[in-house]
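Below is one structure, written out as structure tokens, with a few remarks after it.
2 protein chains.
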Amino acid sequence: MSDLILYSLPHSPYAARVRMQLNLKGIAAAIEAPPEGLGSASFKALTPTGKVPVLKAGDQHLPESIAIMEFLEERYPEPALLQGSDLERGWCRSATRFVDLGLAPALFPLFSQLRAKPRDEALIERSLVEMKKQLSILSQFIERSPAPLLDAKAPAFFDCVLTPVMFYITTIAPLFGDKTILEGQEPLATWWADIQEHAQVSKLLDEMRAGLAAMMGG
Amino acid sequence: MSDLILYSLPHSPYAARVRMQLNLKGIAAAIEAPPEGLGSASFKALTPTGKVPVLKAGDQHLPESIAIMEFLEERYPEPALLQGSDLERGWCRSATRFVDLGLAPALFPLFSQLRAKPRDEALIERSLVEMKKQLSILSQFIERSPAPLLDAKAPAFFDCVLTPVMFYITTIAPLFGDKTILEGQEPLATWWADIQEHAQVSKLLDEMRAGLAAMMGG
């Protein structure tokens, strides 16, 4: 048993990517909600941003999902999920950064509209167009990478990063009437269909679905 | 002579952090503007996002500043700028991520107001308050890190990341009448005063200042 605690919430895509990595690497870690809640003073004492995930390793705490994932690759090198040549790892990091600086932010306006009454239909339409633009750029990262970035059969680092974000994209776009958000985005769409069949991923997505339902119902 | 070209623009804080790293590591690389310009089809053929920096290494191109910096640390390990224990490197990566997901985005509304006529004074005031909040969180990263994140005398990875962003924060806030943006943010403010005296940094900041002036005057 490792000496790790991951402070996590089921619906957080940033926490879910670390849980996926822990599962794929077979690292035993306790998964816990933030002690006394996300907004509590005791949790803010553990991390400057007050956000999940935070990894407790021994008596130290490390915030930020990608920093945690890089740390886990260094401390638990086998099985390696971030591998290949330096340039291949570079493209994986580059695409990862695009997910968090380009793709995921395109979701934020749609999140804000989920409970809005009345909805801002013009904002929703603009946001869905923007999301498709960002998905096209993502498809270019996938196409241009010197090594495959995605592998639904043997998921690695970038599969962990993208899966929870793709869960939100494909869950939320249909709520605004867009059922074709991945249309024309091959091989991304095929990867997404396939990876949902992966046993560990399927379980992770069930956790996220239940977490999202609990959050929306709360 | 290495086989590297960095596609860069003088005013870009994301390109400037890579130039600073190249200088500190003593890596010889050609620094070039995007061939045929930032928006050109030929540059977009090199990178999915169309943004600088992009590193050409041999016949391959790698986009995204932090992916490039990690690549350079791997390919040219000496002198190491990202070092220490796995947890210490983890905190450096965590703070780096905060700069790009929390601190730098707080600048965007102020950029948008630089040439606005009339200016949206309420937006400017909110943005300056938000900037101070993000600087306080940054100060917490600096305080809580298990190893020093900043070193004005011997700059390393995080100094490279933060310096060009701090240039913009301390250049733009006074343009909106705020000359105390770093007040109360110690040891950040002292570091910023000191690192501007570093010979290589001073030269970099001159390049950024000239680049910004050219862009604003254009």
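Protein sequences, first through last, are from chains A and B. For the first sequence, this note's numbering begins at 852 and goes up steadily by one. For the second sequence, this note's numbering begins at 852 and goes up steadily by one. Glycine included, C-beta positions come from ideal geometry on N, C-alpha and C.
Quiz prompt | Test item: CB-CB of G941 of chain A and I988 of chain A under 8 Å | solution = The residue labelled residue 941 of chain A in the question sits at position 90 within the first sequence. The residue labelled residue 988 of chain A in the question sits at position 137 within the first sequence. Contact flag unset, no.
Quiz item: If contact means a Cβ-Cβ distance below 7 Å, which residues of the segment 907 to 918 of chain B contact chain A?
Solution: A908, Q911, L913, P914, E915, I917 and A918
Practice problem: Would you grab the beta carbon distance between L958 of chain A and I1023 of chain A for me? Rounded to a whole angstrom, and I think it's under 8 Å. | Solution: Here the question's residue 958 of chain A lines up with position 107 in the first sequence. Here the question's residue 1023 of chain A lines up with position 172 in the first sequence. So it is a contact: roughly 7 Å between Cβ atoms.
Exercise. Compare the C-beta of R944 of chain B with all C-beta atoms of chain D and state if any pair is closer than 8 Å.
Key: Structure shown: chain D not included; protein chains present are A and B.
Quiz prompt | Residue of B:L1001, B:G1062 and B:V980 minimising C-alpha distance to T1031 of chain B | solution = As a working mapping, residue 1031 of chain B is identified with position 180 in the second sequence. Residue B:V980 is the option with its Cα nearest to T1031 of chain B.
Exercise. Closer than 6 Å by C-beta to V905 of chain B: which residues in its own chain qualify, once you throw out the five before and the five after it? Chain order, please.
Key: Residue 905 of chain B sits at position 54 when you count from the first residue of the second sequence. So the list reads Y858, L897, T898, H912 and P914, once near-sequence residues are dropped.
Quiz item: What do you get for S893 of chain B, buried or exposed, if any count of 16 or more other CB atoms within 10 angstroms of its CB means buried?
Solution: As a working mapping, residue 893 of chain B is identified with position 42 in the second sequence. Its Cβ having fewer than 16 others within 10 Å, S893 of chain B is exposed.
Self-check item: Sequence-distant residues of its chain with Cβ nearer than 8 Å to A986 of chain A (five each side left out)
Solution: Here residue 986 of chain A refers to the residue found at position 135 when the first sequence is read from its first residue. One point to set straight first is that residue 986 of chain A is Leu, not Ala, in the sequence displayed. Within the same chain, L986 of chain A has close Cβ partners L954, I1020, I1032, L1033, Q1036 and L1039.
Quiz prompt | 8 Å contact criterion, which F1008 of chain B and M920 of chain B should meet: CB distance rounded | solution = Position 157 of the second sequence holds residue 1008 of chain B. Position 69 of the second sequence holds residue 920 of chain B. That pair is a contact at about 7 Å.
Quiz item: When every heavy atom of the ligand GTP is checked, does at least one fall within less than 7 Å of the C-beta of S990 of chain A?
Solution: With respect to the ligand GTP, the structure shown offers nothing to examine, as it has no ligands at all.
Exercise. Identify each residue in the segment 866 to 882 of chain A for which the Cβ-Cβ distance to at least one residue of chain B is less than 7 Å, and report them in chain order.
Key: none
Quiz item: With a cut-off of 8 Å, does the C-beta of R995 of chain B fall near any C-beta of chain A?
Solution: Within the second sequence, the letter at position 144 stands for residue 995 of chain B. Yes, R995 of chain B lies at the interface with chain A (some Cβ there is under 8 Å from its Cβ).
Exercise. Report the neighbours of L938 of chain A on chain B: residues whose CB is nearer than 9 Å to its CB, in chain order.
Key: Stepping through the first sequence from its first residue, residue 938 of chain A is reached at position 87. Those are A908, G909, Q911, L913, F922 and R926, listed as they occur along chain B.
Practice problem: Give a yes or no on whether 8 Å exceeds the smallest Cβ distance from R948 of chain A to chain B. | Solution: Here the question's residue 948 of chain A lines up with position 97 in the first sequence. Answer yes: the Cβ-Cβ gap between R948 of chain A and chain B drops below 8 Å somewhere.
Quiz prompt | Closer than 7 Å at the beta carbon, the chain A residues around Q991 of chain B | solution = Mapped onto the second sequence, residue 991 of chain B falls at position 140. Simply P899.
Exercise. Return the CA-CA distance between S863 of chain A and L1056 of chain A, expressed in angstroms with no decimal places.
Key: Mapped onto the first sequence, residue 863 of chain A falls at position 12. Mapped onto the first sequence, residue 1056 of chain A falls at position 205. Taking the straight line joining both Cα atoms gives about 11 Å.
Quiz item: Are A884 of chain A and L860 of chain A closer than 8 Å when you measure CB to CB?
Solution: In the first sequence, residue 884 of chain A corresponds to position 33, counting from 1. In the first sequence, residue 860 of chain A corresponds to position 9, counting from 1. Yes; because the gap between Cβ atoms is below 8 Å, this pair is in contact.
Quiz item: Going by the CB atoms, is the gap between S978 of chain A and P956 of chain A shorter than 8 Å?
Solution: Residue mapping note: residue 956 of chain A aligns to position 105 of the first sequence, counting from 1. Residue mapping note: residue 978 of chain A aligns to position 127 of the first sequence, counting from 1. Cβ distance not < 8 Å, so P956 of chain A and S978 of chain A don't count as in contact.
Self-check item: Chain-ordered chain B contacts of L952 of chain A [CB-CB under 7 Å]
Solution: To locate residue 952 of chain A, count along the first sequence from 1; it is residue 101. By Cβ distance, chain B contributes D951.
Quiz item: On the three-state DSSP scale, how would you describe L913 of chain A?
Solution: By 1-based counting over the first sequence, the position of residue 913 of chain A is 62. Note: L913 of chain A maps to strand in three-state DSSP.
Quiz prompt | Of the listed residues A:R926, A:G1028, A:H1049 and A:S916, nearest to L1156 of chain A (C-alpha basis) | solution = Past the edges of chain A, shown from 852 to 1069, lies residue 1156 of chain A, and the structure says nothing about it.
Quiz item: From the DSSP output, which residues share a beta bridge with K1054 of chain A?
Solution: Against the first sequence, residue 1054 of chain A aligns to sequence position 203. According to DSSP, which records beta bridges pairwise, K1054 of chain A is partnered with nothing at all.
Practice problem: Would you list the residues sitting across from V905 of chain B in a DSSP beta bridge? | Solution: The residue given as residue 905 of chain B occupies position 54 in the second sequence. According to DSSP, which records beta bridges pairwise, V905 of chain B is partnered with B:Y858 and B:P914.
Quiz item: Looking at the C-beta of I856 of chain B, does it have a partner C-beta in chain A at a distance below 8 Å?
Solution: Here residue 856 of chain B refers to the residue found at position 5 when the second sequence is read from its first residue. Chain A contact via Cβ: absent.
Quiz item: Of all the alpha helix (DSSP H) runs that stay within the bounds of the segment 912 to 952 of chain B, which reach a length of 4 or more residues?
Solution: 916 to 926 and 937 to 949
Exercise. Output the distance between the C-alpha atoms of K895 of chain A and L1063 of chain A, rounded to the nearest integer angstrom.
Key: If you number the first sequence from 1, residue 895 of chain A lands on position 44. If you number the first sequence from 1, residue 1063 of chain A lands on position 212. Between K895 of chain A and L1063 of chain A, the C-alpha separation is close to 23 Å.
Quiz item: If you draw a straight line from the C-alpha of R870 of chain B to the C-alpha of M982 of chain B, how long is it?
Solution: In the second sequence, the residue the question calls residue 870 of chain B occupies position 19. In the second sequence, the residue the question calls residue 982 of chain B occupies position 131. Cα to Cα, the separation comes out at about 25 Å.
Quiz item: Which one or two residues does DSSP pair with E883 of chain B in a beta bridge?
Solution: Within the second sequence, numbered from 1, the residue matching residue 883 of chain B stands at position 32. According to DSSP, which records beta bridges pairwise, E883 of chain B is partnered with B:Y858.
Quiz prompt | Beta carbon proximity, G935 of chain B to chain A, threshold 8 Å | solution = To locate residue 935 of chain B, count along the second sequence from 1; it is residue 84. Cβ-Cβ to chain A under 8 Å: no for G935 of chain B.
Practice problem: Output the distance between the C-alpha atoms of L873 of chain A and V950 of chain B, rounded to the nearest integer angstrom. | Solution: Translated into the one-based positions of the first sequence, residue 873 of chain A becomes position 22. Translated into the one-based positions of the second sequence, residue 950 of chain B becomes position 99. Roughly 26 Å between the two C-alpha positions.
Quiz item: How would you list, in chain order, the residues of chain B whose beta-carbon sits under 9 Å from the beta-carbon of I1020 of chain A?
Solution: Mapped onto the first sequence, residue 1020 of chain A falls at position 169. Ordered by position in chain B, no residue passes the 9 Å Cβ test against I1020 of chain A, which lies about 17 Å from the chain.
Quiz item: What residues from chain B crowd round I988 of chain A, counting only those whose CB sits closer than 8 Å?
Solution: Taking the first sequence and counting its residues from 1, the one referred to as residue 988 of chain A is at position 137. Ordered by position in chain B, the residues that pass the 8 Å Cβ test against I988 of chain A are P899 and T900.
Self-check item: Interface partners of G1071 of chain A on chain B, CB under 9 Å
Solution: No answer is possible for residue 1071 of chain A: the residues shown for chain A start at 852 and end at 1069.
Quiz item: In chain order, what residues of the same chain lie with their CB nearer than 7 Å to the CB of A908 of chain A, ignoring the 5 residues before and after it?
Solution: Stepping through the first sequence from its first residue, residue 908 of chain A is reached at position 57. These residues qualify, in order along the chain: D854 and L855.
Self-check item: Assumed close pair P1015 of chain A, A867 of chain A - CB separation to whole angstroms, cut-off 8 Å
Solution: As a first step, residue 1015 of chain A is located in the first sequence; it is residue number 164 there, counting from the start. As a first step, residue 867 of chain A is located in the first sequence; it is residue number 16 there, counting from the start. With 8 Å as the limit, P1015 of chain A and A867 of chain A qualify as a contact, their Cβ atoms being about 4 Å apart.
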